[in-house]
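Asker:
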Amino acid sequence: MARSNLSIGLNKGHPTTAIPKTVRPSQRKGIQSTKTKFVRSVIREVAGFSAYERRVLELLRNSKDKKARKLTKKRLGTLLRSKRKLEELSNVIQESRRAGH
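Numbering (this note's numbering), first residue to last: 1258 to 1358.
Written out as structure tokens, the structure is:
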């Protein structure tokens, strides 16, 4: 709401213009840039999947989710990383199905 230049009322006070806040690099932490996203997609396109990722893709296609989760957790170390990788690989399967049909 704009100030009214009066000393009383709801909008009392001298009218001012708000300075927009700048976003610091520390506030952008964790957000993937478009350049990084592009570079990773190019690398994925050129290099393809690693051996364990191909194995996990096959397990997911045969609906052996638990086995796939165990394998990725063993390879990546934590359950959170494992879940992210499974999500990524299941998205790859969905994309290939969409492209195929």
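C-beta: ideal position from N, C-alpha, C; glycine also.
(1) Alpha carbon to alpha carbon, how far is Pro1272 from Leu1263? Give it in angstroms, no decimals.
(2) Can you list, in chain order, the residues of its chain whose CB lies under 8 Å from that of Leu1333, leaving out five sequence neighbours each side?
(3) Exposed or buried, which one is Ala1223 when buried takes at least 16 other CB atoms within 10 Å?
(4) For Leu1316, which residues of its own chain have a beta-carbon under 8 Å away from its beta-carbon, when the five flanking residues on both sides are left out?
(5) My understanding is that Ala1275 touches Asn1268, with C-beta atoms under 8 Å, so please give their C-beta distance in whole angstroms.
(6) When the Cα of Gln1351 is compared with those of Gly1270, Glu1302, Arg1318, Arg1311, which residue comes out closest?
(7) Among Thr1291, Lys1331, Ile1265, whose alpha-carbon lies nearest the alpha-carbon of Tyr1309?
Answerer: Quick look at the numbers:
(1) Cα-Cα distance, rounded: 9 Å.
(2) So the qualifying residues of the chain are Ser1339, Lys1342.
(3) There is no way to answer for residue 1223, as the model of the chain reaches only from 1258 to 1358.
(4) Answer for Leu1316: Asp1322, Lys1324, Ala1325, Leu1328, listed in chain order.
(5) Rounded to whole angstroms, the Cβ separation of Ala1275 and Asn1268 is 14 Å, and the two are not in contact under 8 Å.
(6) For the residues Gly1270, Glu1302, Arg1318, Arg1311, the minimum Cα distance to Gln1351 belongs to Arg1318.
(7) If we check each option's Cα against that of Tyr1309, Lys1331 comes out closest.
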